[in-house]
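Trainee:
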Amino acid sequence: GDQPEGYVIIYFPKDNGNWLEDLRQTIIIRETLWLNHIAKQAIFNFLWSHRDQRKYIAGVFPLSENIIDHLKTPRVKARKIIVNSLLRIIDVKSVLIGLKYPVDDFNIIIQIHDKFCNWNNGLFKLTSKNKIINVEFQNSAIGFIDLETDITYFAQLIVGYRTIKELLEFGFISINQEKLALLQKIFPKTNNNFIDDF
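So for the sequence shown, our numbering puts the first residue at 31; every next one is plus one.
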């Protein structure tokens, strides 16, 4: 289609810094994102095309993205793993209403545990009918609870960073087994690269 499938923002620093041996020989990747392998390859081809101007590339990539295995002859000078992302839902009801769901005509009851925001701590009845989303906060469940989790893992689930299966494997959620297939469709795994959002 006409939509971009990846991008890279780079700059060529002029002054040496204390964290690299020769910053003037380095391309700094400020930000990059790709949605598929073709876009990823195009970005690395673009960077490779600058090899006569700059000797090194420095960048930050998501931990889940294995870059080294895709390089034919990697010469890694330094590799650091830094955990720096924070994902927090301020208002569960608003988020549930604003999401685009890949499934239509469903209803589930979600129990969220949030010890800091009492308006998030409770039961949410999520209904989709004819592509119209409705969310009701409830004090007690009428019927089965289909998904129960802490706000932390719910945030990871709804942005597609973790799947139902992954969260179940580590005991971070409990679900109504009859709704397993539906929950997996409603909350699929997606490409993620968190920069900034509020």
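Beta carbons are placed, not taken as given, at the ideal position from N, Cα and C, and that holds for glycine.
With which residues is V122 paired in a DSSP beta bridge?
Mentor: Answer is none; V122 lacks a bridge partner.
Trainee: Would T56 and R84 be called neighbours here (beta carbons separated by less than 8 Å)?
Mentor: Yes, the pair counts as a contact, with Cβ atoms nearer than the cut-off.
Trainee: Name the DSSP bridge partner or partners of K159?
Mentor: Answer is I162.
Trainee: From what residue to what residue does the beta strand (DSSP E) around N137 run?
Mentor: F136 to H143 is the span of the beta strand (DSSP E), which, as asked, contains N137.
Trainee: Can you say whether V122 is buried or exposed, counting buried as having 16 or more other CB atoms within 10 angstroms of its CB?
Mentor: Answer is buried; the Cβ neighbour count reaches 16.
Trainee: For Q141 and T182, what's the separation of their Cα atoms in angstroms?
Mentor: One C-alpha to the other measures close to 13 Å.
Trainee: Counting pairs of beta carbons, one from the segment 124 to 131 and one from the segment 195 to 213, are three or more of them closer than 8 Å?
Mentor: With a cut-off of 8 Å, the segment 195 to 213 and the segment 124 to 131 do not count as touching, because too few Cβ pairs lie within range.
Trainee: Within the continuous alpha helix (DSSP H) that includes E199, where are the two ends?
Mentor: First-last of the alpha helix (DSSP H) with E199: I194 to E199.
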